[in-house]
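Engineer: Mind looking over this structure? Questions follow.
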Amino acid sequence: MEYMIKSLKVAVWFMFLTFPIVVIKVNTIENIVIWRWHNMFYMGVGIFFVSMLWRYFLERKDRVGKKSAAERINITQTIMENPKILRTLIISVLTILCIFPFVTDSYQINIMTVALMYIVLGLGLNIVVGLAGLLDLGFVAFYAVGAYTYALLNYHFGLSFWVVLPIGALMATIFGILLGFPVLRLRGDYLAIVTLGFGEIIRLVLENWNEFSMGPSGIANIDRPTIYGFDMTLTQATIFIYFLMVVFTVFTVFFVNRLQNSRIGRAWLALREDEIACQAMGVGRTRTKLMAFALGATWAGLMGVVFAAKTTFINPASFTFLESAIILSVVVLGGMGSIPGVIIGALIMILLPEYLRAFSEYRMLVFGGAMVVMMVFRPQGLISNYRRKYSFHSADGRFGK
Amino acid sequence: MEGLVSSMEHILDVKDLTMDFGGLRAVDSVDLYVDKKEIVALIGPNGAGKTTFFNCITGIYNPSKGDIKAITHSGAAARLNGLKPNRVTERGLARTFQNIRLFQNMTVLENVMIGKHCRMKAKVLGALLRDRRTRAEELKAANESYEILEKIGLAKFSDEIASNLPYGAQRKLEIARAMATEPSLLLLDEPAAGMNPQETRELTDLIRQIRDNEDISILLIEHDMKLVMNLSERIYVMDHGQKIAEGTPVDIRNNPEVIKAYLGEDIDA
Ligand SMILES: Nc1ncnc2c1ncn2[C@@H]1O[C@H](COP(=O)(O)OP(=O)(O)OP(=O)(O)O)[C@@H](O)[C@H]1O
Ligand SMILES: [Mg+2]
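Below, the structure is given as structure tokens:
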């Protein structure tokens, strides 16, 4: 309660502070002042929650220090362990996602679609970085592979979105394995540098091999996804892609969750924790690593196809290192290895700069600052990795969740 | 019959094993064998090459010279030279580490379940679809892992994150994890290091129980002479990479070479 009041004060203070920037807008042509009060409201609510969050984490950081780690309270854990709360949460999020496009304009829908794409990309990279612990700085390469697969096949052969979707994913998987082989023995910094180089190679090839990829000018007029040749207006297409992304996101969350609680998911975690012990316990390093690269790349490839279909135009400039860095930030910010973490991370990374336009020019600065703060307060990310618990209490030896 | 033959053979038979690190010969043509259901100790002063010997057998190093043969998980004889560590483990040799190498951020049960990895089959597709076979396999692995924890006395920690365990329990968890791979030979690298006398006594009983109840042979490296003398049927002594003695605990206790090696170490120190 005390926190609420404090946070409220902070919110009001910030609303006052940012008032000249976000509320007043002078239209110099007609010489009138536009009062954007709604911005003030957003600012207030935003700051209020940020402040609450900040206090919560600060307090928790103190508490963890005092209490023994065993009795640490963890909201994620409470939610994950209680199927009722979890189900309610999932259903309400899905409902909001379904209603969303009908109560907002296509600009908002577009932003949300992008955010969902980053969730899926983040979850894909999360397999490589978060679960298997392989620092991959060239993830965008697989995204590019997917996008160019669709663009080129569509341009040359007129293949449709739905046909290319699996092909794009497969191409990315193959490239994932191709990258995986040479870097099998590398770890940490070395791995990061080589993957970074790989990402740049793909981009440079696309930029310079004009006959193949049409170079820097890119490929335009890529078909949007259709359903049985049904012609859609631009708005309809936007909404369609949005729902496509909702479905993709749900499937990705579902599959990644299954993956990480499986034999292979455990092996990834073990590989991340201790490579030698992991091998000595009978886990094949080659296989496990390649699998992580390949599966992570698959999702990037899928998103690449969607990206090409969504923007209808791609060029190598869309696949720079910055893109990799953003996806990586999503994973690191949200919490490595944690699905809800990546989701929140993507929403923060993509939505915040969009809605807080004031910061958009300082985007990189804010990201950098946020990363530093994260490393200090929560090196494990906003939402730390939750480990599944088994219960052996029932007589038939069934284990739960 | 295969079984008849193998019961006559050593479960592990190492001949002329040599390991060079550049100019340093860490293991110098060592012969060693372990029989079925035997507890064998490998001792020697610090830096004698014991851990390196283990690393060679378990595929972490590729030995410069020598022959490593073992009766595998399936009961057939096989040569282990040049195999990757996971292949060695698949063939029925499991180890623990001198400097504890648990999967720190995974739960105790998950640590043990990693040991089950090589006895499981589920592929990516199985994980995604979670079909009946995959579920049954997961269930079996979880249950078997839990049983191992019960045997080792760690069941109460099963949901705990491994790094939160007390030191002695972490050492035991290393053993539990190794046992999950269903080995026929367990290689323990200083299992009692850092344990108090009470814990060491418990560990002695535990190792004996594993041998008696699980049909597992044991080769252990240990500096705690009481444990070694209590537990082992035969002892090998290494110094400067060479095997300087082998025999029963009584032989070893009275062996002048061994006494010299250990005294020499004391004088150096
Ligand atoms: N990877 C390596 N590269 C170079 N030298 C090594 C390597 N591993 C071990 N050595 C050297 O080999 C020798 C034997 O080391 P080892 O760890 O096998 O000894 P140990 O008998 O296990 O000793 P301790 O009782 O202290 O564990 C040491 O001189 C060590 O420095
Ligand atoms: Mg050693």
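Those sequence lines, one after another, are chains S and X. In the numbering used here, each residue's number is its place in the first sequence (first place is 1) plus 3. In the numbering used here, each residue's number is its place in the second sequence (first place is 1) plus 1. We put the CB at the ideal spot given by N, CA and C, even for glycine.
Use the C-beta contact count for S/SER10: other C-beta atoms within 10 angstroms, 16 or more gives buried, fewer gives exposed.
Structural biologist: Here residue 10 of chain S is taken as the residue at index 7 of the first sequence, counted from 1. By the neighbour-count rule (16 or more Cβ atoms within 10 Å), S/SER10 is buried.
Engineer: Which bits of chain S does X/PRO86 rub up against, with CB to CB less than 7 Å?
Structural biologist: In the second sequence, residue 86 of chain X corresponds to position 85, counting from 1. Residues of chain S passing the Cβ test: GLN282, ALA283.
Engineer: For X/ASN62, verify whether its CB is less than 8 Å away from any heavy atom of ligand 1.
Structural biologist: Along the second sequence, read from residue 1 onward, the residue named residue 62 of chain X stands at position 61. The sequence shown places Tyr at residue 62 of chain X, rather than the Asn named in the question. Flag set: Cβ of X/TYR62 near ligand 1.
Engineer: Would you kindly work out how many angstroms separate the C-alpha atoms of S/ASN260 and S/VAL29, rounded to a whole number?
Structural biologist: Here the question's residue 260 of chain S lines up with position 257 in the first sequence. Here the question's residue 29 of chain S lines up with position 26 in the first sequence. About 50 Å.
Engineer: With C-beta atoms as the reference, is S/LEU368 less than 9 Å away from S/LEU128?
Structural biologist: On the first sequence, residue 368 of chain S is found 365 positions in, with the first residue counted as 1. On the first sequence, residue 128 of chain S is found 125 positions in, with the first residue counted as 1. No. Outside cutoff.
Engineer: For S/TYR365, count the other beta carbons within 10 Å of its own beta carbon; 16 or more makes it buried, fewer makes it exposed. Which is it?
Structural biologist: What you label residue 365 of chain S is simply residue 362 of the first sequence in a count that begins at 1. Label assigned to S/TYR365: exposed.
Engineer: Taking 8 Å as the cut-off, is the beta-carbon of X/LEU25 closer than that to any non-hydrogen atom of ligand 1?
Structural biologist: As a first step, residue 25 of chain X is located in the second sequence; it is residue number 24 there, counting from the start. At least one heavy atom of ligand 1 is nearer than 8 Å to the Cβ of X/LEU25, so yes.
Engineer: Looking at the structure shown, is X/TYR62 part of a helix, part of a strand, or coil, going by DSSP?
Structural biologist: Locating residue 62 of chain X in the second sequence gives position 61, where the first residue counts as 1. Looking at X/TYR62 - three-state DSSP - the assignment turns out to be coil, as it is neither helix nor strand.
Engineer: With respect to the beta strand (DSSP E) encompassing X/ASN214, which residues constitute its N-terminal and C-terminal limits?
Structural biologist: Taking the second sequence and counting its residues from 1, the one referred to as residue 214 of chain X is at position 213. It is not in any beta strand (DSSP E) - X/ASN214 instead sits in the alpha helix (DSSP H) that spans 198-215.
Engineer: I'd like the ranges of any alpha helix (DSSP H) spanning at least 4 consecutive residues and lying wholly in the segment 191-264 of chain S.
Structural biologist: Entirely contained in the segment 191-264 of chain S, the alpha helix (DSSP H) runs reaching 4 residues are, in chain order, 191-211, 213-216, 237-263.
Engineer: Contact check, S/GLY47 vs S/VAL25 under 8 Å by CB: the rounded distance?
Structural biologist: Taking the first residue of the first sequence as position 1, residue 47 of chain S is located at position 44. Taking the first residue of the first sequence as position 1, residue 25 of chain S is located at position 22. Contact flag wrong, Cβ pair sits at about 10 Å.
Engineer: When the Cα atoms are used, what is the spatial distance from X/MET196 to X/LEU155?
Structural biologist: As a position in the second sequence, residue 196 of chain X is number 195, starting the count at 1. As a position in the second sequence, residue 155 of chain X is number 154, starting the count at 1. When rounded, the distance between both Cα atoms is 16 Å.
Engineer: Using the three-state DSSP reduction, which class does S/ARG39 fall into: helix, strand or coil?
Structural biologist: Translated into the one-based positions of the first sequence, residue 39 of chain S becomes position 36. Coil.
Engineer: At a threshold of 8 Å, does S/ILE222 count as lining ligand 1 (C-beta to nearest heavy atom)?
Structural biologist: As a position in the first sequence, residue 222 of chain S is number 219, starting the count at 1. No, since every heavy atom of ligand 1 falls outside the 8 Å radius drawn around the Cβ of S/ILE222.
Engineer: With C-beta atoms as the reference, is S/LEU182 less than 9 Å away from S/GLY141?
Structural biologist: For the purposes of this step, residue 182 of chain S is taken as residue 179 along the first sequence, with counting starting at 1. For the purposes of this step, residue 141 of chain S is taken as residue 138 along the first sequence, with counting starting at 1. Yes, Cβ-Cβ distance for S/LEU182 and S/GLY141 is below 9 Å.
Engineer: According to DSSP, is S/ALA118 part of a helix, a strand, or is it coil?
Structural biologist: The residue labelled residue 118 of chain S in the question sits at position 115 within the first sequence. In this structure, S/ALA118 counts as helix in the three-state DSSP scheme.
Engineer: Comparing alpha-carbon positions, which option in X/ILE162, X/ARG209, X/GLN199 lies nearest X/SER218?
Structural biologist: Residue 218 of chain X sits at position 217 when you count from the first residue of the second sequence. Selected option, being the one with the closest Cα: X/ARG209.
Engineer: Can you give, in chain order, each stretch of the beta strand (DSSP E) that sits fully within the segment 155-182 of chain X and has at least 3 residues?
Structural biologist: Entirely contained in the segment 155-182 of chain X, not one beta strand (DSSP E) run reaches 3 residues.
Engineer: Verify the CB distance criterion: does X/GLY60 have a CB-CB separation below 9 Å to chain S?
Structural biologist: Position 59 of the second sequence, counting from 1, holds the residue named residue 60 of chain X. Chain S, which has a Cβ nearer than 9 Å to the Cβ of X/GLY60, makes this yes.
Engineer: Taking 7 Å as the limit between beta carbons, can you name the residues of its chain near X/LEU103, skipping five residues before and five after?
Structural biologist: Numbered from 1 along the second sequence, position 102 holds the residue referred to as residue 103 of chain X. The residues are ASN112, ALA163, GLN171, LEU174, GLU175.
Engineer: Below 9 Å between beta carbons: does that hold for X/ARG133 and X/ALA123?
Structural biologist: Here residue 133 of chain X refers to the residue found at position 132 of the second sequence. Here residue 123 of chain X refers to the residue found at position 122 of the second sequence. No, Cβ-Cβ distance for X/ARG133 and X/ALA123 is not below 9 Å.
Engineer: Near ligand 2, which residues have their beta-carbon less than 7 Å from any of its heavy atoms, given in chain order?
Structural biologist: Checking every Cβ against the heavy atoms of ligand 2 under 7 Å gives X/LYS51, X/THR52, X/GLN99, X/ASP190, X/GLU191, X/ILE222.
Engineer: Is it buried or exposed for X/CYS57, if we count other Cβ within 10 angstroms and need 16 for buried?
Structural biologist: Counting from one through the second sequence, the residue named residue 57 of chain X turns up at place 56. So X/CYS57 ends up on the buried side.
Engineer: Counting contacts by CB-CB distance shorter than 9 Å, is S/SER265 in contact with chain X?
Structural biologist: Here the question's residue 265 of chain S lines up with position 262 in the first sequence. Closer than 9 Å: yes.
Engineer: From the DSSP output, in three-state form, read off S/ARG288 for me.
Structural biologist: In the first sequence, the residue the question calls residue 288 of chain S occupies position 285. Helix.
Engineer: Please report whether the beta-carbon of X/ILE70 lies at a distance below 9 Å from any beta-carbon of chain S.
Structural biologist: By one-based count along the second sequence, residue 70 of chain X stands at place 69. The sequence shown places Lys at residue 70 of chain X, rather than the Ile named in the question. Answer no: the Cβ-Cβ gap between X/LYS70 and chain S never drops below 9 Å.
Engineer: Does the beta carbon of S/MET294 come closer than 9 Å to any beta carbon on chain X?
Structural biologist: Numbered from its first residue, the first sequence carries residue 294 of chain S at position 291. Taking Cβ atoms only, chain X reaches closer than 9 Å to S/MET294, which makes this a yes.
Engineer: Near S/PHE370, what residues of its chain come up, given a Cβ to Cβ distance below 7 Å and the 5 sequence neighbours on each side ignored?
Structural biologist: For the purposes of this step, residue 370 of chain S is taken as the residue at position 367 of the first sequence. If we look at S/PHE370 and ignore the five residues flanking it on each side, its Cβ neighbours are SER332.
Engineer: In this structure, what does DSSP give as the bridge partners for X/ASP190?
Structural biologist: Here residue 190 of chain X refers to the residue found at position 189 of the second sequence. For X/ASP190, which the question treats as bridged, DSSP gives the partners X/ILE222.
Engineer: If you measure from the CB of X/MET196, is any heavy atom of ligand 1 nearer than 8 Å?
Structural biologist: Indexing the second sequence from 1 puts residue 196 of chain X at position 195. False, no ligand heavy atom lies under 8 Å from that Cβ.
Engineer: Nearer than 8 Å: is that true of the beta carbon of X/ALA49 relative to any heavy atom of ligand 1?
Structural biologist: Translated into positions along the second sequence, residue 49 of chain X becomes position 48. It does: the Cβ of X/ALA49 is within 8 Å (strictly closer) of some heavy atom of ligand 1.
Engineer: Shorter than 8 Å, the distance from the beta carbon of S/GLY344 to the closest heavy atom of ligand 4, or not?
Structural biologist: By its list of ligands, the structure shown excludes ligand 4, since it contains just ligand 1 and ligand 2.
Engineer: Since X/GLN105 meets chain S, which of its residues come closer than 9 Å, beta carbon to beta carbon?
Structural biologist: If you number the second sequence from 1, residue 105 of chain X lands on position 104. The answer, in chain order, is GLU276, ASP277.
Engineer: Which residues of chain S have a Cβ atom closer than 8 Å to the Cβ of X/HIS11, listed in chain order?
Structural biologist: In the second sequence, the residue the question calls residue 11 of chain X occupies position 10. By Cβ distance, chain S contributes nothing, its closest Cβ being about 22 Å from X/HIS11, past 8 Å.
Engineer: So the alpha helix (DSSP H) S/GLY183 belongs to, where does it begin and stop?
Structural biologist: Sequence index remark: in the first sequence, residue 183 of chain S carries index 180 (1-based). Looking at the DSSP string, the run of the alpha helix (DSSP H) that includes S/GLY183 is 164-183.
Engineer: Please name the residues in the segment 111-138 of chain X whose beta-carbon is closer than 7 Å to at least one beta-carbon of chain S, in chain order.
Structural biologist: Listed by position along the chain: GLU111, MET114, ILE115, GLY116, HIS118, CYS119, MET121, ALA123, VAL125, ALA128, LEU129, ARG131.
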